[in-house]
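Remarks on the structure that follows.
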């Protein structure tokens, strides 16, 4: 009788032990956070694939950029060559006229004819250059501008209003589309009052 009770009491514990034995234990990869951990070999393979993809993308972008740079350089060179050809095309007629004058016999041509012909060629040159945006800087009686003028010498002004103005242009300057090619060489007028003049003579005396 007592043996049967002992057997009955030991059965629940045996069932619990059996349940614990049949329950699968968590894998080492799922231990801790409960999330699956990527194997090292798989992570390396994935990162290598991503690196290869990024490298390929970089090489393609670098090639596209190099092609773009070469194309822009080629277009810019062709545009510059076309502009030069257009300029020369505008000047060849005047050059032909100038060449014809070199074949003139001075003994059989009067000076006025030669003068008028050279003047005509000069006007033709200037007309073609003005057509592409060239402008002369040759105005007198305008304020002296160091950005446009080069002062060669000075001269006295007749009145205070003429102080620091261009009295004469010794050599014209030129601008192309707003860019100064050569400054005009000019005489700059300076006004001196009587007091300044007396002081200057006093210092010299």
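Numbering (my numbering), first residue to last: 190 to 394.
Glycine included, every Cβ here is placed at the ideal spot set by N, Cα and C.
Exposed unless 16 or more other CB atoms sit within 10 angstroms - verdict on residue i
i: residue 335; result: exposed
i: residue 377; result: buried
i: residue 338; result: buried
i: residue 326; result: buried
i: residue 373; result: buried
i: residue 375; result: buried
i: residue 283; result: buried
i: residue 311; result: exposed
i: residue 231; result: exposed
i: residue 190; result: The predicted model places residue 190 with a pLDDT of 48, which falls under 50 and marks its position as unreliable; any figure quoted below should be read in that light. With fewer than 16 Cβ atoms within 10 Å of its Cβ, residue 190 is classed as exposed.
i: residue 344; result: exposed
Cβ shell of residue i (< 8 Å), same chain only, five flanking positions each side left out
i: residue 348; result: 380
i: residue 322; result: 365, 366
i: residue 300; result: none
i: residue 314; result: 280, 283
Nearest-angstrom Cβ-Cβ length linking residue i and residue j, presumed shorter than 8 Å
i: residue 341; j: residue 369; result: Not confirmed; about 17 Å, so no contact.
i: residue 290; j: residue 307; result: 7 Å
First and last residue of the uninterrupted alpha helix (DSSP H) at residue i
i: residue 273; result: 229-290
i: residue 318; result: 300-320
N- and C-terminal bounds of the beta strand (DSSP E) containing residue i
i: residue 296; result: Neither: residue 296 is in no beta strand (DSSP E) and is coded neither H nor E.
i: residue 365; result: 362-365
i: residue 378; result: 373-379
DSSP bridge partner residues for residue i (one or two, in chain order)
i: residue 350; result: Paired residues: none, contrary to the question.
i: residue 332; result: 354
i: residue 226; result: Answer is none; residue 226 lacks a bridge partner.
i: residue 369; result: 364
i: residue 323; result: 365
Residues of its chain near residue i, where Cβ-Cβ distance is below 7 Å and the 5 sequence neighbours each way are ignored
i: residue 329; result: 355, 356, 357, 358
i: residue 216; result: Its pLDDT being 46, under 50, residue 216 is placed unreliably by the model, and nothing is read from it.
i: residue 382; result: none
i: residue 287; result: 310
Contact test: residue i Cβ vs the ligand MG heavy atom, cutoff 6 Å
i: residue 292; result: In the structure shown, the ligand MG is absent, as is every other ligand, since no ligand is present at all.
Proximal residues to residue i (C-beta, below 6 Å), its chain only, five neighbours per side dropped
i: residue 279; result: 317
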